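Let me begin by presenting the structure, written as structure tokens, before commenting on it.
Below you can see the structure in the form of structure tokens.
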């Protein structure tokens, strides 16, 4: 989808199909349910590559039924390192910052690549241990370009990419090189915590 189509995708009766081939209500009905439930939806789309729609719903406050004890619970390990989060979706960014802070990390944030670069160049953020950035962002500087620019000046900084696209789609379409560290959205708290710790603990060659 192009930008104009994405902006209208959740509007009632909007459709790109021929007359009589669709009501244009499917996405708008789903979106209405999600908003009523306190969640939100995000469209990730690149013309010629494909479209992914992620639905984010709030976690239930209490279990409907008693769950069996988790005997294989994963130990969540945090740290005190400084992480720069770059994410254009405000709700996702705010939630991620909160999760990282719960793990003990110091967190700075930016809403796009250009803002992140400005913060670094102007000395507003210092002693960064890891860049945690979305891959596809508005403003002309995507996650890969941002990481390259940051590591030219500070090669010791670790990088963890995140995206609503799968790793195969990202690599196949040339957005990232194969073998980079990527955390696909949506992710569980434990999964994110483990990935962040693993990237920070990697030795720098």
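In the UniProt record's numbering, the protein residues as written are 1 to 205.
For every residue, glycine included, the Cβ atom is placed at its ideal position computed from N, Cα and C.
Only a predicted model underlies this, so the values are computations on that prediction, with no experimental measurement involved.
Helix, strand or coil: which one does DSSP assign to residue i?
i	result
residue 5	helix
residue 37	coil
residue 158	strand
residue 57	coil
residue 94	helix
residue 130	strand
residue 44	strand
residue 143	helix
residue 77	coil
residue 106	strand
residue 83	strand
residue 113	helix
residue 50	strand
Roughly how many angstroms separate the alpha carbons of residue i and residue j, rounded to a whole number?
i	j	result
residue 3	residue 136	13 Å
residue 191	residue 34	24 Å
residue 47	residue 8	16 Å
residue 153	residue 57	39 Å
residue 101	residue 94	11 Å
residue 122	residue 115	10 Å
residue 148	residue 180	12 Å
residue 107	residue 39	24 Å
residue 31	residue 203	44 Å
residue 133	residue 75	24 Å
residue 195	residue 98	16 Å
residue 118	residue 124	8 Å
residue 188	residue 1	28 Å
residue 109	residue 11	31 Å
residue 50	residue 160	23 Å
residue 146	residue 83	15 Å
residue 183	residue 127	23 Å
Apart from the five residues just before and just after residue i, which ones in its own chain have a Cβ nearer than 7 Å to its Cβ?
i	result
residue 78	103, 104, 105, 193
residue 150	120, 131, 157
residue 6	43, 45
residue 91	40
residue 96	85, 87
Ordered along the chain, which non-local residues of its own chain (more than five positions away) have a Cβ less than 6 Å from that of residue i?
i	result
residue 164	44, 52, 54, 185
residue 198	none
Please list, in chain order, all residues of the same chain as residue i whose beta carbon is under 8 Å from its beta carbon, the five residues on each side excluded.
i	result
residue 200	79, 81, 129, 130, 158
residue 112	86, 88, 137, 138, 139, 141
residue 37	57, 58
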